[in-house]
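Note sheet for the following structure.
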Amino acid sequence: MSDRDLRLLRCFASVFPELAAEDLRTVTNESAGHWDSLSTVTLAALVQEEFNVEIEPDTVQQLTSFEAFRTYLQKVDSDRSGSR
Amino acid sequence: MKLIEALEVTRQAASAPSGKAVFLACGFTPLHLSTFLSAELLLRNPIRRPDVRSGLFGDLVGTLERFEPRGVDALVVMIEWSDIDPRLAGRSLGGWRVPQMHGIITSAHDSIARLRRAISKASAHVPTVVCTPSLPLPPMFTAPQTEASLSEAELRLAVAAFAEQLVREPGLRVVNSQWLDDASPLAGRYDVKSDLFSGFPFTLHHASVLGKTLASLVDPPARKKGLITDLDDTLWSGILGDDGIDGISWDLEHKTQMHGLYQQVLASLATSGVLIGVASKNDPATVKSAFQQRKLLVTENDIFPFEVHWSPKSDSVARILQAWNVASDSVVFIDDSPLEVAEVHAAFPDMECIVFPTGDYRGIWDLLLHLRQLFGKSVVTEEDALRAGSIRQSQSWRELEKASGDRADTFLKSAEARITFRCSKSAADQRAFELLNKTNQFNLNGKRFSESEWKRLFDDPKVFLLTASYEDKFGPLGKVAVIIGRIVERQVHVNSWVMSCRAFSRRIEFQCLQYLFDIFKAEEIVFDYEMTPRNTPVREFFATLLSGQPVSGSRLTLHDFSTRVPQLFHLVEEEVHV
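Which chain is which? The protein sequence lines are A and X, in order. Residues in the first sequence are numbered from 1 upward in steps of one, following our numbering. Residues in the second sequence are numbered from 1001 upward in steps of one, following our numbering.
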């Protein structure tokens, strides 16, 4: 697991402390009963702080799973590498 | 603190028993501020999980007007410009036209008046912390950003006046805007995107600073009680033994003003009740002359005791602690010599020992700020100004008492003692609250009160608060005894009773009971006694009055008291009757 994934998992674990580590990787806003609008805002704030990114409000609405966040961060990394 | 750290702190305490119930009143979505506040409260009290609740979005004034203090231990009010008028923030499109400014200011005054009424009402029942607007005002004024406009000045004046009124309210703490400016620069506070899309207006950094600041006012750290200072190159610049009395300095002329500022802070601390002692390796006669001949900003009267000799500093510190009767962890030691600081710290590991940064202007300035934080006190009472004098007086008393041998009655009679009793039903007596929460030795049962318990105590009409202030020919000791009790027909139930150790040996405790029997025409007094590891003086006192050792619910009849009370010589005065 990459360092980025580990840091993302830590963010998710903070918001969904009731979920086991293996479940965090597959969590979605439909699978987790506690994933509400507050969770989305908190996750977005955590990820922005942890990865030093600015997530646009429209994008936040699409980040509805661990995988979606992971893909988003991969893209940010790749955009950053491309712009160097 | 980062948000993820705050969430982890709160997660780790998820199974801890619930602790302080804190109501966070704000007009915005509390979101991360609530998380940071919870985490910071937990760091202060890791055993109890705080229960942070909040009110309705967008209606701070209404939330406060509807606030029900029952079950709430602390109220935190976070005011922003949008609560004063929605047009003063980014979420409203109510208009910033020039003709509208007058209406905005009028409406701001109305909101502030409502806020003040609601906060005053709530703070009468529950400890309250208030933060006035912390965000920058929006770009609504016609003057360039660099220039203050009249409307902006009027708004800021209204908020400043509001803060000044709040600071005057007992039991209410207001966040110091200068502290906030230092910890969280204005330009980095507002998160416009977060405000518009989630209703949370703060950057995470600002929310973190606010959480920490608010928690420190909800649950203030224990204040240090005493400061022990060195003299040479610390209280003044120069070595007294080498440079002579005229060779030491603390002024602009000698470029030694920083020592003058240090003296000025110590003098200010002394008048706010902080004990100041001196531990110096010097010739005592020369030090005495220096204090008498040179006009130091901190005087001999501000300092007690002086430990001036050539013994190790740790010995001096031990003697000072004994004279003050305080624990080493509530004292700060300051000396310019790292070696002396290390020696004292080795002897007293829990004492904060600081090397005085002689010659380092910024370092000394920061030290002065640090001392303000360590010894900070919201309210200075009359007794605070008396503290050093009363400790010095107690020492004189002990010496004379010892010299009088078995002629105690003669000695007590000659003391010309006067006790002033004040009986009330008010939680406004800050000194009484302090004494109850810090006295260990003469303490009936060791019970401590939270601010909210204290405020609610007097909701019961049968509860009374009796305080005793003492003065004799040696000087005043101030308020030295506090009793909380209830009257049930001809019986007085004493629930709490403390007396300062400085007031021992004066038979004040007997006079307190005499007074209770007299004013309540009581036939019996019942005591909620509990043995604690440190309340031996109470146990010994009761042994002189009761037939056996005290127990919970011990009773003392008027008859037994009258036959066992020693002769009392105090002149008794009273201020208020229940």
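No residue lacks a Cβ here, since even glycine has one placed at the ideal position from N, Cα and C.
I need the boundaries of the beta strand (DSSP E) containing residue i, first residue and last residue.
i: X:Gln1514; result: Segment Ile1508 to Ile1519 is the alpha helix (DSSP H) holding X:Gln1514; no beta strand (DSSP E) there.
i: X:Gln1491; result: Gln1491 to Met1499
i: X:Phe1411; result: No beta strand (DSSP E) contains X:Phe1411, which is instead part of the alpha helix (DSSP H) from Ala1408 to Ser1414.
i: X:Val1572; result: Leu1571 to Glu1574
i: A:Ser31; result: Note, A:Ser31: premise wrong, no beta strand (DSSP E); not H, not E.
i: X:Thr1128; result: Thr1128 to Cys1131
i: X:Glu1524; result: Glu1524 to Asp1528
i: X:Ser1554; result: Ser1552 to Thr1557
i: X:Leu1041; result: No beta strand (DSSP E) contains X:Leu1041, which is instead part of the alpha helix (DSSP H) from Leu1031 to Arg1044.
i: X:Ile1487; result: Gly1475 to Val1488
i: X:Phe1023; result: Ser1018 to Cys1026
i: X:Tyr1190; result: Premise fails: X:Tyr1190 is in no beta strand (DSSP E) and is neither H nor E.
Considering only their Cβ atoms, is the gap separating residue j from residue i smaller than 8 Å?
i: X:Val1218; j: X:Val1022; result: yes
i: X:Ile953; j: X:Ile1303; result: The structure shown does not extend to residue 953 of chain X, since chain X spans only 1001 to 1578, so no value can be given for it.
i: X:Leu1477; j: X:Asp1528; result: no
i: X:Lys1438; j: X:Gly1273; result: no
i: X:Ser1018; j: X:Asp1051; result: yes
i: X:Leu1137; j: X:Leu1088; result: yes
i: A:Glu22; j: A:His34; result: no
i: X:Glu1067; j: X:Arg1116; result: The sequence shown places Phe at residue 1067 of chain X, not Glu. No; because the gap between Cβ atoms is not below 8 Å, this pair is not in contact.
i: A:Thr64; j: A:Thr28; result: yes
i: X:Glu1401; j: X:Ser1505; result: yes
i: X:Glu1530; j: X:Arg1490; result: no
i: X:Leu1180; j: X:Val1076; result: no
i: X:Val1332; j: X:Ile1354; result: yes
i: X:Asn1301; j: X:Asn1440; result: no
i: X:Phe1200; j: X:Phe1028; result: yes
i: X:Thr1142; j: X:Val1098; result: yes
i: X:Leu1368; j: X:Tyr1262; result: yes
i: X:Arg1011; j: A:Ser39; result: no
i: X:Asp1195; j: X:Arg1091; result: yes
i: X:Glu1416; j: X:Asp1472; result: yes
i: X:Pro1566; j: X:Phe1510; result: yes
i: X:Val1129; j: X:Arg1173; result: yes
i: X:Leu1269; j: X:Phe1197; result: no
i: X:Val1298; j: X:Leu1266; result: yes
i: X:Leu1371; j: X:Phe1202; result: no
i: X:Ile1004; j: A:Glu50; result: yes
i: X:Arg1070; j: X:Leu1024; result: no
i: X:Phe1569; j: X:Lys1413; result: yes
Is there a C-beta anywhere in chain A that falls below 8 Å from the one on residue i?
i: X:Phe1202; result: no
i: X:Lys1212; result: no
Please decide whether residue i counts as near chain X, where near means a Cβ-Cβ distance under 8 Å.
i: A:Ser39; result: no
i: A:Ser14; result: yes
So residue i contacts chain A; which residues on that side make the cut at Cβ distance below 7 Å?
i: X:Ser1198; result: Val41
Between which two residues does the alpha helix (DSSP H) carrying residue i extend?
i: X:Leu1269; result: Gln1257 to Thr1271
i: X:Ala1323; result: Lys1313 to Trp1324
i: X:Asp1384; result: Glu1382 to Ser1404
i: X:Thr1101; result: Residue 1101 of chain X is actually Met in this sequence, not Thr. Counting along the chain, the alpha helix (DSSP H) containing X:Met1101 begins and ends at Met1101 to Ser1123.
Using a cut-off of 9 Å between C-beta atoms, extract the partners of residue i located in chain X.
i: A:Arg10; result: Ile1004 and Glu1008
Next item on the list: Quick one: which residues of the segment 1004 to 1024 of chain X get their C-beta closer than 8 Å to a C-beta of chain A? List them in chain order.
Entry: Answer set for the segment 1004 to 1024 of chain X: Ile1004, Leu1007, Glu1008, Arg1011 and Ala1014.
Check: Closer than 9 Å, Cβ to any Cβ of chain A: which residues of the segment 1027 to 1041 of chain X, in chain order?
Finding: Thr1029, Leu1031, His1032 and Thr1035
Checklist line | the segment 33 to 67 of chain A: positions lying closer than 7 Å to chain X by Cβ | finding: Listed by position, the residues of the segment 33 to 67 of chain A near chain X (Cβ gap below 7 Å) are Val41, Ala45, Leu46, Glu49, Glu50 and Pro57.
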